[in-house]
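Before any comments, here is the structure.
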Amino acid sequence: MAVPALQEQIHAFLAHLRYERNLSARTLDTYGRQLAGISAHLTIERWSELTSDHIRMCLNQARRKQLSPGTIALQLSALRTFCQYLLQQGELTSNPAVGLQGPKRGRPLPKQLHVDEVSHLLDFEPGDDILAIRDRTMMELTYSCGLRLAELTGLNLSDLSADKRQLRVTGKGSKQRQLPVGRQARDWLERWLKVRGQLAPPDERAIFISKQHRRITSRQIASRMDLWARRQGMMQPVHPHKLRHSFATHILESSGDLRGVQELLGHANLSTTQVYTHLDFQHLARTYDQAHPRAKKNKNS
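Numbering (the working numbering), first residue to last: 905 to 1205.
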C-alpha cells in the first residue's frame, strides 16, 4: 500500500491536469489508476527518492503479473508525465522515467481476404457502366500487383508497357520498380482503356479518371472499393490495403519466397515483409491440422 505522502502528490497532479490542462474525467481516471498501481509497489516514502531502479522494479513486477504490453506501456507513460510534473514542482531534480523502454507490443497482423473472398469480390460484370469497368480494373490491378493506394492513384499511361504485361510503379521515397501484370488484370486494363477517353481529357496522363474528368483521388478509390464490397455482400470491409495484404499473403503461401514478396511490395527492409510469415504460418498450421494423420483429434478423447 502506498504511503499517504505519495498519494497526496498524485492527487495534486490530477488536480493540475483537471484545472490547468482541462483534461477529461476519463483521462484523469486513467492517470489515477495507473499511478496508484505503480505507487502500491514502491518502497519509498517520498517521490523525491524515486530512481530509475525503482521504476524498473515496478515494470518487472507488472511483467510477472502478465499484464499486457499495452498496459505496461500505459503505466510507464503515465509515470513519465507525472515525473515531469514533479520536476517542475521541485520534487525531483531529474526525470527517472526518461529513457526507460516498456515491452515491445506485438505488431498487429495485416488482415487479408481468402482467395475465394477475392474471387467473390471481383465476380461482377460491369456491362456498359464505365465507372464499374474502371472500378473492376482498379481492384484487379491492385490485387494483381500488390499496389499501395498512392501507387494506384499515381499511375500514368506511360507507366504501362505496350503489351500491358509490365507496370512501372513509383513507391515510397520515389523508388521505382517494375511489376508483372496478371492475365485478368491485363484483360480489364484493355477493356478500361477502350472507354477511358469518355472521361479523360486529351492531355490527361493518369490511367484512372474520376467522373470529374481528372485523376481519381485516394479517397474516391477507397470509397468505391467499399461500395463494391457492400454490393457484393462481403462480410468485412474492403479497402486497397487489404487487397495489397491479400496479394502478399497469397503469393507467399504459394511460393514461400519472402525475398520475392519483398521486391514485389517495394519494401526497403525485409523485416517489414516478415510480418507476412506469421500469416503464412497460420495457413500452414491449418493445412497441417487438416491433412496430417497425427494432427487430427482423437474422437474418443
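Even glycine gets a Cβ: it sits at the ideal position worked out from N, Cα and C.
- Within a 10 Å sphere around the beta-carbon of Asp-1039 sit 16 or more other beta-carbons, which makes this residue buried.
- By the C-beta density criterion, Thr-1041 is buried, having at least 16 other C-beta atoms within 10 angstroms.
- Judged by DSSP secondary structure, Val-1019 falls within the alpha helix (DSSP H) whose first and last residues are 1019 to 1025.
- If you draw a 10 Å sphere on the C-beta of Pro-1000, you find 16 or more other C-beta atoms in it, and that means buried.
- Per DSSP, the unbroken beta strand (DSSP E) holding Leu-1083 starts and ends at 1080 to 1084.
- A Cβ-Cβ contact shorter than 8 angstroms links Gln-1136 with His-1024.
- Just so you know, the alpha carbons of Cys-962 and Ser-981 end up roughly 13 angstroms apart.
- Runs of the beta strand (DSSP E) lying entirely within the segment 1118 to 1181 and spanning at least 3 residues: none are present.
- For Arg-1072, the enclosing beta strand (DSSP E) stretches over residues 1070 to 1074.
- Assignment of Leu-1053 by DSSP, reduced to helix, strand and coil, places it in the helix class.
- When the beta-carbon positions are compared, Arg-922 and Leu-932 come within less than 8 angstroms of each other.
- The Cβ-Cβ distance between Leu-1147 and Thr-1046 falls below 8 angstroms.
- In terms of Cα proximity to Arg-1052, the closest of Ala-966, Pro-1030, Arg-1081, Gly-1003 is Arg-1081.
- Between Val-1085 and Leu-1071, the gap from beta carbon to beta carbon is short of 8 angstroms.
- Counting C-beta atoms within 10 angstroms of its own C-beta, His-1154 has 16 or more neighbours from the protein chains shown and is therefore classed as buried.
- Put simply, of Tyr-935, Gln-992, Arg-950, Thr-955 the residue whose alpha carbon is nearest the alpha carbon of Ile-976 is Tyr-935.
- With a threshold of 16 other beta carbon atoms within 10 Å, Arg-1100 meets it and is buried.
- The C-beta distance from Leu-996 to Leu-990 rounds to 4 angstroms, short enough to fall under 8 angstroms.
- Measuring C-alpha to C-alpha distances from Leu-1061 to each of Ile-1037, Leu-1103, Ala-1110 identifies Ala-1110 as the nearest.
- For Asn-964, the uninterrupted alpha helix (DSSP H) run begins and ends at 956 to 968, by DSSP.
- Between the alpha carbons of Ala-1133 and Gln-993 lies a gap of roughly 56 angstroms.
- Within the DSSP secondary-structure output, Leu-1064 pairs in a beta bridge with Leu-1071.
- Distance from the CA atom of Asp-1107 to the CA atom of Val-1022, rounded to whole angstroms, is 34 angstroms.
- In the DSSP assignment, Ile-1113 forms a beta bridge with Arg-1119.
- In the DSSP assignment, Glu-1094 falls within the unbroken alpha helix (DSSP H) covering 1087 to 1099.
- Per DSSP, Leu-927 lies in no alpha helix (DSSP H) and is assigned neither H nor E.
- Straight-line measurement puts the Cα of Ser-943 at about 10 angstroms from the Cα of Glu-949.
- Remark: C-beta atoms of Phe-986 and Leu-946 do not approach each other more closely than 8 angstroms.
- Annotation for Ser-1114: Ile-1120, Gln-1124 place their beta carbon closer than 6 angstroms to its own, counting only its chain and skipping 5 residues before and after.
- Of the candidates Gln-979, Leu-1168, Glu-953, Met-1129, the residue whose Cα lies closest to the Cα of Gly-1075 is Leu-1168.
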